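S.K.: The following block contains the structure, expressed as C-alpha cells.
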Amino acid sequence: MSTSSLEMPLSSLRDAFDRVGKKQKLSISKSQEVIDQVRHEVEQALVDIQSDHVATWALVDIQSDDVATSPIDQRSILDELRNKLNMIAPLNQLEGSQKELNLSLNKYQKVLDKTLNPDISKAYRNVDFDPHTLHQIILNHFYREGLFDVADSLIQEAGEPEAISLRLKFVELHEILEAMKLRNLEPALQWVSENFEQLKECGLFLKLKLHKLQFVEILQKRCQADALDYAKTYLAPLASVHMDEIQKLMGCLLWVGKLDSSPYSELVDPSNWEKMTEEITEQFCSFLGQSSPSPLSVALAAGIEGLPTLLKLATVMAAKKQEWLAMKQLPVPVELGKEFQYHSIFVCPVSREQGSEENPPMLLPCGHVLCKHSIHKLSKNSTRSFKCPYCPQDASVTQCRQLFF
Amino acid sequence: MEMETDALPNGSSASSTTGSTTSAPATPTAAITAGAVSASALPSSKLTQLAESLKLEHQFLRVPFEHYKKTIRANHRIVEKEVSAVISGVAEAADSAELSRDDAVQQLNSLVSRLQGLKRKLEEGSRTEHLQAQRCRARLDHLESADAENLSEWNNIRLKRILVDYMLRMSYYDTAIKLAGSSSIQDFVDIDVFFEAKKVIEALQSKEVAPALAWCADNKSRLKKSKSKFEFQLRLQEFIELVRAENNMRAITYARKYLAPWGATHMKELQRVMATLAFKSNTECPTYKVLFEAKQWDYLVDQFKQEFCRLYGMTLEPLLNIYLQAGLSALKTPFCYEDDCTKEDPLSQESFRKLALPLPYSKQHHSKLVCYITKELMDTENPPLVLPNGYVYSTKALEEMAKKNDGRITCPRTGLVCNYTEVIKAYIS
Chain A
1 MSTSSLEMPL SSLRDAFDRV GKKQKLSISK SQEVIDQVRH EVEQALVDIQ SDHVATWALV
61 DIQSDDVATS PIDQRSILDE LRNKLNMIAP LNQLEGSQKE LNLSLNKYQK VLDKTLNPDI
121 SKAYRNVDFD PHTLHQIILN HFYREGLFDV ADSLIQEAGE PEAISLRLKF VELHEILEAM
181 KLRNLEPALQ WVSENFEQLK ECGLFLKLKL HKLQFVEILQ KRCQADALDY AKTYLAPLAS
241 VHMDEIQKLM GCLLWVGKLD SSPYSELVDP SNWEKMTEEI TEQFCSFLGQ SSPSPLSVAL
301 AAGIEGLPTL LKLATVMAAK KQEWLAMKQL PVPVELGKEF QYHSIFVCPV SREQGSEENP
361 PMLLPCGHVL CKHSIHKLSK NSTRSFKCPY CPQDASVTQC RQLFF
Chain B
1 MEMETDALPN GSSASSTTGS TTSAPATPTA AITAGAVSAS ALPSSKLTQL AESLKLEHQF
61 LRVPFEHYKK TIRANHRIVE KEVSAVISGV AEAADSAELS RDDAVQQLNS LVSRLQGLKR
121 KLEEGSRTEH LQAQRCRARL DHLESADAEN LSEWNNIRLK RILVDYMLRM SYYDTAIKLA
181 GSSSIQDFVD IDVFFEAKKV IEALQSKEVA PALAWCADNK SRLKKSKSKF EFQLRLQEFI
241 ELVRAENNMR AITYARKYLA PWGATHMKEL QRVMATLAFK SNTECPTYKV LFEAKQWDYL
301 VDQFKQEFCR LYGMTLEPLL NIYLQAGLSA LKTPFCYEDD CTKEDPLSQE SFRKLALPLP
361 YSKQHHSKLV CYITKELMDT ENPPLVLPNG YVYSTKALEE MAKKNDGRIT CPRTGLVCNY
421 TEVIKAYIS
C-alpha cells in the first residue's frame, strides 16, 4: 500500500469520475433517442402528406397540373406534427439529461479541488528567473540524459548559443554507456586511462573493477583460455596492488560453467553491471564538476519534497505578502531527505542561531556544544565562569574550543 | 530509523533501498498490498512524502477535464441548435399559408436529412468525448500507480512532464513534442490544449485579433463569469489600429458597435483610448504614445496566456519555475556559495547560484551535521568525534581509519596525526 494516505481520496475521485462517465453515456443516448423521436414524427408526417396525395388523386382537377393535397389537410398534418413535437418536448428532454451530467461534472470538480491542491503557485516569488540561465540548466540536463536531439531543438527554438564542448563530453559518456549495455568495456577503460592522472586512487580501483567484470564476462561467454589470456594481459599488472582480488579471480577458473553455484556466484550477478554503469556515470559527472543525477533532477526532487511545506507557509502568511517577498530566510525548516544534506548546519540549542564564521560552534569541557555568542552571554562577556545549560558542569570561556565541521 | 546510506536523490532502482528493518508498513493490509518484492519496501516517511507530492498534481487532472467539459458543452450546443432549428422549421411550415405540397415535402425532407446529419455528428462527438474521458482516466490511473517499486521511474516521468509543460508555456512546440515522444508520455501532457493557444498567440503576434476574438466567443460564458476584460482589450487594440491607419470614421463606427457595451464597466479606459482619435500614431504625447506602440501586442499575448491558463486551471507560471524555486530555497545555505562546496550540491553550479540569489535561505531548527569523510549524517547512531585541533568527524569514519592504521588518526584537512584514544565525543542535539 504505497499511497496509503492518498488511496482513499483518490478512490473517491475515481468514483466521482465513473459517475460522470455514466451520466455522459446517458446524455448521449438520450440525445440519440430524442433525435430519433423527432425524426420519426417528421418522417411520419412526410408519409402522411404523400399518402394523402394518393388518396385524393382521384379528386384531381383535370384542368390543372397541380396535383395537390387539399391545403387544409396538409396544414392539419403539419399542425399535428408541431403538436406532437411539443408534446415530446425534445429540448426539455435534452436539457434534463444535460443538467444531470452537469451536476456530476460539478461534483467531480469539487472532489478534485478537495483532494488535490488547486493552486500550487501560492508560494511563488515573482523574482527574476533569467530564461537563459534556466535554458543552460535544462540543456545540461538533456545532455546528461542523452536527449541530444531534444537539446538541439531547444537551442533552435529558444535561440540559445550552442554548448558544443559540453555536448561532446556527454556524447562520450553515452557512447561508454551504450557499449556497457552490450557488455563491452573498451570505451570505459579507455576513458579511465585517458584521465588516469586526475582520477588518482579512484582510477586504479575503477581499472580493477572494470577488468574484473570483463574477465568474468569472458569466462562465462567464451572460454577458459581466453579468460586466462585476458588475465595475463590486464590483471597481472594490477596484481601488486590488489593481490587478494586477483587471487579470487584466478579461483574462478576452477568453476568454469558453474560459476553461479560456486563460492564466487556474486561475481556473476547481473546487477554488477548495473552498479558499474552507475559508478562510471558518477565518476564521469564528477569529473565534469557536477552530480550524477543532473543538478536539475536534484533541485527539482528537492522542490517536489519541499513545496508542500512552503505552500502551507505561504497560506499562513497570505495576509503578509510583503513580508513573504522580502524575507531573507525562510521562517520554518523545510524538511528534506537525508540525501539533500550537503553541508553541516550547526544550530545553537540555546539561541537557535545558525553557526557561521563570526559565530562558530564551541565545544564546552563537558562535551556539549554552544555557539560563541551564547557562551559570551552566559559568561557575561567572558568575565565569569558559567554552567553548561545541559549538564550543569562548570566552564569558563578559555576552556571552550572552536569546532570545525 | 535511518536506513538508506547513500541513496541518490532521485532514488535509483530498488537496489538502493535495502534492509528496512526498523520501518514496517503501516497496517497488515498495507503489508499484504505492498506486493511481491517487499523486503525492499520504502520507509513510511518516503511514502508519506510521495502522497504529499501527489497532491501537487491538480493541474495534471484538471486540464484534460476542462477540455472534456468543453467538448461536452460544444457538442450539446450543436444538438440543441439543430433540434431547435428542426422544431422551428416545422412551425414555419405549419404557419405558412401558401405552402405547396411539394414545398412541404421538400421542407420536411430537408429536416429529416438535417436530423440524419446531426445523428452522425453526435456519434462523432461521442467518440471524441469518450477519448477525452479515457485520457482523464489514464491520468487518474497514473497517479494511483505511483508506488515503492516504480518510484524512480515514476519520478522520471514527472520530471519530463514538468519540462514538457515548460516548453509548451514558452511556445517551444517542437521541443515539447520531441521530449514527450522520447518517453511516450503524450497522454500525460497537454500538447493539444496548448496547440489551441498556439493559433491565437501566433495570430496576435502577427497583429491579427480574429482567432483571439473567436476564442473569446467560444468561451464566452466562462470569461464572463470570471469578469474578464480580455475581449474588451482586443477590441481596443483593433480600434487603435483603425486610428493608426487614419480611418477615423470607421474607428468611430467600430467603437459604437464593439466598445460602447463595455463602457458601463470600463469607462475610464474606454475614454482614454477614444481620445487617441485626436492624435496621430506618431504622437509624442506619452499617455497616448504608449497606446500606439507595438509592445501593446506583446501585452495582449501575455494577457491571453493568463486568461488561457486561468480557464484551464493551470498555474500562471511554468511548473518548472515553481518547483525549482521551492527546491533552491530549501537547499540554499551560505555554505553553498563557498568555493569548497561539494559538487553534489546543485548550488555549487554557477547557473543555480545565480537563480537562487534573490531567494530566501533555508532554515534549520536543529543541527544537521555531515561527516567530511563519509558524507553521512553525524547523529546519535553515528556521533561526532572531536580531534585535538577542533576538527570533527563521524565515529564510523574515525573507527575505520583507526582500524586500518594501528589506532592512528590523520585529519584529512589539516594533516594532524593523533591517536584514536585522544578524540572526544561531542553532544549535539
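Just so you know, the sequences run in chain order A and B. Counting in the UniProt record's numbering, the first sequence runs from 1 upward without gaps. Counting in the UniProt record's numbering, the second sequence runs from 1 upward without gaps. Here a beta-carbon is modelled for each residue, glycine too, at the ideal position from N, C-alpha and C. None of these values were measured; they are calculated from a predicted model.
(1) Taking 8 angstroms as the threshold (C-beta atoms), are Cys136 of chain B and Phe194 of chain B in contact?
(2) List the whole-angstrom C-beta distance separating Ile157 of chain B from Ile177 of chain B, where the pair is believed to meet the contact cut-off of C-beta under 8 angstroms.
(3) Could you give the residue range of the alpha helix (DSSP H) that holds Ala230 of chain A?
(4) Measuring CB to CB, does Gly257 of chain A end up less than 8 angstroms from Ile424 of chain B?
(5) Do you know offhand how far Asp345 of chain B's Cα is from Ser429 of chain B's?
(6) Express the C-alpha separation of Leu94 of chain A and Gln44 of chain A in angstroms, rounding to a whole number.
(7) Taking Gly407 of chain B and Tyr420 of chain B to be in contact with their CB atoms under 8 angstroms, please state how far apart those CB atoms are, rounded to whole angstroms.
(8) For Phe129 of chain A, go through chain B and note every residue whose CB falls closer than 7 angstroms to its CB, in chain order.
(9) Taking Gln214 of chain A as the reference, which of A:Gln247, A:Met180, A:Val241 has the closest Cα?
(10) Can you look up Asn86 of chain A in the DSSP assignment and give me helix, strand or coil?
(11) Distance check for Pro383 of chain B and Ser351 of chain A, CA to CA, integer angstroms please.
(12) Under 8 angstroms, Cβ to Cβ, is there at least one residue of chain C near Asn155 of chain B?
(13) Quick check on DSSP: helix, strand or coil for Cys252 of chain A?
(14) State the beta-bridge partners of Tyr393 of chain B as determined by DSSP.
(15) When the distance is taken between beta carbons, is Val79 of chain B closer than 8 angstroms to Leu111 of chain B?
(16) Sort B:Glu238, B:Glu269, B:Glu196 by Cα distance to Thr287 of chain B and report the nearest one.
(17) Val171 of chain A versus chain B: which residues are under 9 angstroms apart at the beta carbon?
(18) Would you mind reading off the limits of the beta strand (DSSP E) that contains Leu336 of chain A?
(19) Using DSSP bridges, identify the partner residues of Phe404 of chain A.
(20) Where do the ends of the beta strand (DSSP E) carrying Cys136 of chain B lie?
(21) Excluding five sequence neighbours on each side, which residues of the same chain lie with their C-beta closer than 8 angstroms to the C-beta of Ile218 of chain A?
(22) Under a three-way DSSP split, which group does Asp394 of chain A fall into?
(23) Determine the direct distance from the alpha carbon of Ser84 of chain B to that of Ser51 of chain A, and round the result to whole angstroms.
(24) Could you tell me whether the Cβ atoms of Leu210 of chain A and Leu182 of chain A are closer together than 8 angstroms?
(25) If you measure from the beta carbon of Tyr337 of chain B to each beta carbon in chain A, is any gap under 8 angstroms?
(26) Is it buried or exposed, Thr410 of chain B, if we count other Cβ atoms within 10 angstroms and call 16 or more buried?
(27) Pick helix, strand or coil for Pro318 of chain B, following the three-state DSSP scheme.
(28) Could you check whether Phe60 of chain B and Arg139 of chain B sit closer than 8 angstroms to each other, using their CB atoms as the reference points?
(29) Look at the alpha carbon of Glu284 of chain B and the alpha carbon of Gln329 of chain A, and state the distance between them as a whole number of angstroms.
(30) Roughly how many whole angstroms lie between the Cα atoms of Lys225 of chain B and Lys69 of chain B?
(31) Can you tell me whether Asn140 of chain A is buried or exposed? The criterion is at least 16 other CB atoms within 10 Å of its CB, across all chains shown.
(32) Would you say Lys70 of chain B faces chain A, with C-beta separation under 8 angstroms as the test?
(33) Report the rounded CA-to-CA distance for Phe292 of chain B versus Ala133 of chain B, giving the unit in angstroms.
(34) Measure how close the beta-carbons of Ser367 of chain B and Val334 of chain A come, nearest whole angstrom, since I'm counting them as under 8 angstroms.
(35) Keeping to the same chain, check which residues put their C-beta closer than 6 angstroms to that of Ser297 of chain A; ignore five residues upstream and five downstream.
(36) Where DSSP assigns a beta bridge to Thr410 of chain B, which residues make up the other side?
M.R.: Inspection of the coordinates gives the following:
(1) no
(2) 16 angstroms between Cβ atoms; not a contact.
(3) In the sequence as presented, Ala is not what sits at residue 230 of chain A; that position holds Tyr. Tyr230 of chain A -> alpha helix (DSSP H) spans 224–230.
(4) No, the pair does not count as a contact, with Cβ atoms beyond the cut-off.
(5) Near 25 angstroms, if we compare the C-alpha coordinates of Ser429 of chain B and Asp345 of chain B.
(6) Inter-residue distance for Gln44 of chain A and Leu94 of chain A is about 22 angstroms (C-alpha atoms, whole angstroms).
(7) 5 angstroms
(8) Here the neighbours are Asn321, Leu355.
(9) A:Met180
(10) helix
(11) Cα to Cα, Ser351 of chain A sits roughly 22 angstroms from Pro383 of chain B.
(12) Looking at the structure shown, chain C is missing, and the protein chains on hand are A and B.
(13) helix
(14) Beta-bridge pairing links Tyr393 of chain B to B:Leu385.
(15) no
(16) B:Glu269
(17) Per Cβ cutoff of 9 angstroms: no residues; Val171 of chain A is ~16 angstroms from chain B at best.
(18) Going by DSSP, Leu336 of chain A is part of no beta strand (DSSP E) at all; its letter is neither H nor E.
(19) B:Tyr391
(20) Segment 101–145 is the alpha helix (DSSP H) holding Cys136 of chain B; no beta strand (DSSP E) there.
(21) Asp226, Ala227, Tyr230
(22) Three-state DSSP puts Asp394 of chain A in a strand.
(23) Ser51 of chain A and Ser84 of chain B: Cα-Cα distance of roughly 27 angstroms.
(24) no
(25) Residue contact check for Tyr337 of chain B against chain A: no CB pair falls below 8 angstroms.
(26) exposed
(27) coil
(28) yes
(29) 46 angstroms
(30) 16 angstroms
(31) By the neighbour-count rule (16 or more Cβ atoms within 10 Å), Asn140 of chain A is buried.
(32) Taking a beta-carbon distance threshold of 8 angstroms, Lys70 of chain B does not count as an interface residue toward chain A.
(33) When rounded, the distance between both Cα atoms is 45 angstroms.
(34) No, Ser367 of chain B and Val334 of chain A are not in contact; Cβ-Cβ is about 16 angstroms, not under 8 angstroms.
(35) none
(36) B:Val417
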